[in-house]
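What follows is one structure encoded as structure tokens, with my remarks underneath.
Number of protein chains: 2
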Amino acid sequence: MSRGWIIPIGGRIESASLLARFVELAGSRRAPICVIATASSEADTGPLYESRLRDAGAREVKVLPLSRRGDCDDGDWLALLARAGGVFFTGGNQGRLATVLGGTPVAELIRRRNATEGLVVGGSSAGAAFLPVHMIAGGTEGPTPHSKMVTLAPGLGLIDRAIVDQHFTQRNRLGRLLSAMAYNPSLVGLGVDEDTGAFIGPDDVLEVEGSGGVTVVDPSRVEFSSIDSAQPHEAVALLGLTLHCLVAGTTFDLVRREAHVGDALLARHA
Amino acid sequence: MSRGWIIPIGGRIESASLLARFVELAGSRRAPICVIATASSEADTGPLYESRLRDAGAREVKVLPLSRRGDCDDGDWLALLARAGGVFFTGGNQGRLATVLGGTPVAELIRRRNATEGLVVGGSSAGAAFLPVHMIAGGTEGPTPHSKMVTLAPGLGLIDRAIVDQHFTQRNRLGRLLSAMAYNPSLVGLGVDEDTGAFIGPDDVLEVEGSGGVTVVDPSRVEFSSIDSAQPHEAVALLGLTLHCLVAGTTFDLVRREAHVGDALLARHA
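Protein sequence lines, in the order shown, are assigned to chains G and A.
With this note's numbering applied, the first sequence corresponds to residues 1 to 270, in that order.
With this note's numbering applied, the second sequence corresponds to residues 1001 to 1270, in that order.
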């Protein structure tokens, strides 16, 4: 089998299409979906997503109570994950996801099954930031990149072509995404708005769902970055980025680094 | 003589180099500098800038009390403007600048003398937004472009190659700048941070001064914009923008649409 879908969602899910499409991709009625609410400090986050995923068409949903690293080699949960069609990480604090799950058998199983057995993995807010190899752990607001503006940490490791930020419009996070890219202009930056999902297929083509936008920053053509010589918190030069503002109906090929407009959106312009 | 410098500043001027360079370009000791504080509702804004410009090296500074359209054909002020080396527009409300000055002899004289006699024209905050042909009159916050996110109006008309937004980092204005460009991807968007100036020379090369950044959004390569068919306040697709984060030591050629790194900044990397 091929790589499974990777689905970062920007938080505050309202559009029914977001969880409905996640459930459909995750196999709907054939395999269970596991919810991991470790990022959240609120006890009802897991049950809330369990209920929302059932409403979205899932037959079997199970919240995995992973609150300590020791929970992450439990045989029952590993057996459940081994037959799951999808895993969904809720919002909260991505630092908590990384510190509890990082390097554990649960994280390794999710990564392996996503890479080779088609396991679908989605996450909202902190759960979205956690999915890539390089995770934005924190930072400050504003659209202009600055030195020391962003804190990076190793994430779950599902995708190394992109770095993900979320609540993107709502929390003014372009600067920290650009700062993350300034250090090493190899990755594509994805800024995912609230109520919006970046559905990244097995072919690494990203499709947008939901009411907001996905801002794609492609540093392929960057000629210069000054972040290595900048003073702490100094504004940083970054020349030659390519920017795409995607909405539902548009796609971005993460391998070819090309944006496309789908036929339905083109037809609205005809 | 050639076109004079055009100098939008993003507000909250703290770096001494900003007004010092404006005064130097405006002819320092040889010609008067006129301050136009029409944008401001506070009576001490004009005198404050008079004092700051004197501190920055100007010999003769005069605040023009233009509070109604009828003030803008006063012979004394026109005579002063006719021999001025520089004009500085303070912050406040750019809508007030446009409604009081638009189409008056004062505005026409400034425009003509900037275009053909080297008159230097600067402005901070609202005064910066007012300078171009197309002025951002208002809008909402956030980095993702949306339909109906920005209100455009005719500005003073000094430059038609660029549209200017200010307090850029501090007020989260990328989305409204992108929205302005989505309507007609012909202009370069300049997002000027606080305490930062975009010094646009007679050759239309932009140099950055101050502590922040100037975000340049170049739509030359835009392949698609959906703003014409978007619902009110719907997120908008805009594919293929080029983005440069400029700081002091970098330049942008508005004619060739090329960003460059100056020798001093390069040397810091050597």
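Beta carbons are placed, not taken as given, at the ideal position from N, Cα and C, and that holds for glycine.
Fill in: Cβ-Cβ distance between A:Arg1054 and A:Val1063 below 8 angstroms
no
Practice prompt. Verify the CB distance criterion: does A:Asn1172 have a CB-CB separation below 8 angstroms to chain G?
Written response: yes
Discussion item. Taking 8 angstroms as the threshold (beta carbon to beta carbon), is A:Arg1256 in contact with chain G?
Written reply: no
Discussion item. Looking at the secondary structure, which residues open and close the alpha helix (DSSP H) in which G:Met181 lies?
Written reply: Leu174 to Tyr183
Worksheet entry | Residues of its chain near A:Leu1097, where Cβ-Cβ distance is below 6 angstroms and the 5 sequence neighbours each way are ignored | Thr1038, Ala1039 and Phe1130
Worksheet entry | C-alpha gap between G:Gly4 and G:His146, whole angstroms | 35 angstroms
Item to complete: Please list the segments of the beta strand (DSSP E) lying wholly inside the region 1081-1147 of chain A, counting only runs of 3 or more residues, in order along the chain.
Response: 1086-1089, 1120-1124 and 1134-1139
Worksheet entry | Own chain partners of G:Arg161 with C-beta closer than 7 angstroms, once the 5 adjacent residues on each side are dropped | Leu187, Val188, Asp204 and Leu254
Item to complete: Express the C-alpha separation of G:Val23 and G:Ala56 in angstroms, rounding to a whole number.
Response: 7 angstroms
Fill in: Of the listed residues A:Cys1072, A:Glu1207, A:Val1164 and A:Leu1066, nearest to A:Arg1021 (C-alpha basis)
A:Glu1207
Worksheet item: If we cut at 8 angstroms on Cβ distances, does G:Ala235 have a partner in chain A?
Response: yes
Practice prompt. Would you list the one or two residues that DSSP bridges to G:Leu246?
Written response: G:Val214
Fill in: Same chain, Cβ closer than 7 angstroms to A:Arg1069, five either side skipped, listed in chain order
Val1100 and Thr1104
Item to complete: Evaluate A:Arg1030 with the Cβ neighbour count: other Cβ atoms within 10 Å of its Cβ, from every protein chain shown; 16 or more gives buried, anything less gives exposed.
Response: exposed
Worksheet item: Which one of A:Glu1234, A:Glu1258 and A:Ala1235 has the shortest CA to CA distance from A:Ser1220?
Response: A:Glu1258
Practice prompt. Could you tell me the distance, in whole angstroms, from the CA atom of A:Asp1195 to the CA atom of G:Pro65?
Written response: 50 angstroms
Worksheet item: Of all Cβ atoms in chain G, is any one closer than 8 angstroms to the Cβ of A:Phe1168?
Response: yes
Worksheet item: To the nearest whole angstrom, what separates the beta carbons of A:Thr1250 and A:Leu1265, a pair I think is in contact under 8 angstroms?
Response: 6 angstroms
Item to complete: Quickly, what does DSSP pair G:Ile13 with across the bridge? List them, please.
Response: According to DSSP, G:Ile13 bridges with nothing at all.
Item to complete: Using a Cβ-Cβ cut-off of 8 angstroms, state whether G:Pro145 counts as contacting chain A.
Response: yes
Worksheet item: Whole alpha helix (DSSP H) runs in the region 26-61 of chain G with 4 or more residues, listed along the chain?
Response: 45-55
Fill in: Assumed close pair G:Ala237, G:Phe252 - CB separation to whole angstroms, cut-off 8 angstroms
About 25 angstroms separates the two Cβ atoms, so there is no contact after all.
Worksheet entry | Close-in-space but distant-in-sequence residues of the same chain around A:Pro1202 (CB under 6 angstroms, 5 per side omitted) | Ser1002 and Arg1003
Worksheet item: Between the C-alpha atoms of G:Gln166 and A:Ala1182, what's the straight-line distance to the nearest angstrom?
Response: 23 angstroms
Discussion item. When you compare the CB of A:Ala1079 with every CB in chain G, is at least one pair closer than 8 angstroms?
Written reply: no
Item to complete: State yes or no: is the beta carbon of A:Val1121 nearer than 8 angstroms to at least one beta carbon in chain G?
Response: no
Discussion item. Contact criterion: CB-CB distance below 8 angstroms. Does G:Ala259 meet it with respect to chain A?
Written reply: yes
Worksheet entry | Same chain, Cβ closer than 6 angstroms to G:Ile163, neighbours up to 5 away in sequence not counted | Pro132, His134, Ala180, Leu187 and Gly189
Discussion item. Would G:Val87 and G:Leu119 qualify as a contact pair, given that the criterion is a beta-carbon distance under 8 angstroms?
Written reply: yes
Fill in: Buried or exposed (CB count within 10 angstroms, at least 16 for buried), A:Thr1116
exposed
Practice prompt. Out of A:Ala1126, A:Gly1210, A:Gln1231 and A:Leu1078, point me to the one whose CA is closest to A:Ala1016's CA.
Written response: A:Gly1210
Fill in: Partners in chain G for A:Gly1191, counting only beta-carbon separations shorter than 9 angstroms
Pro143 and Thr144
Practice prompt. Mind reading off the beta-carbon distance from A:Thr1215 to G:Thr144? Whole number of angstroms is fine, and I expect it under 8 angstroms.
Written response: 6 angstroms
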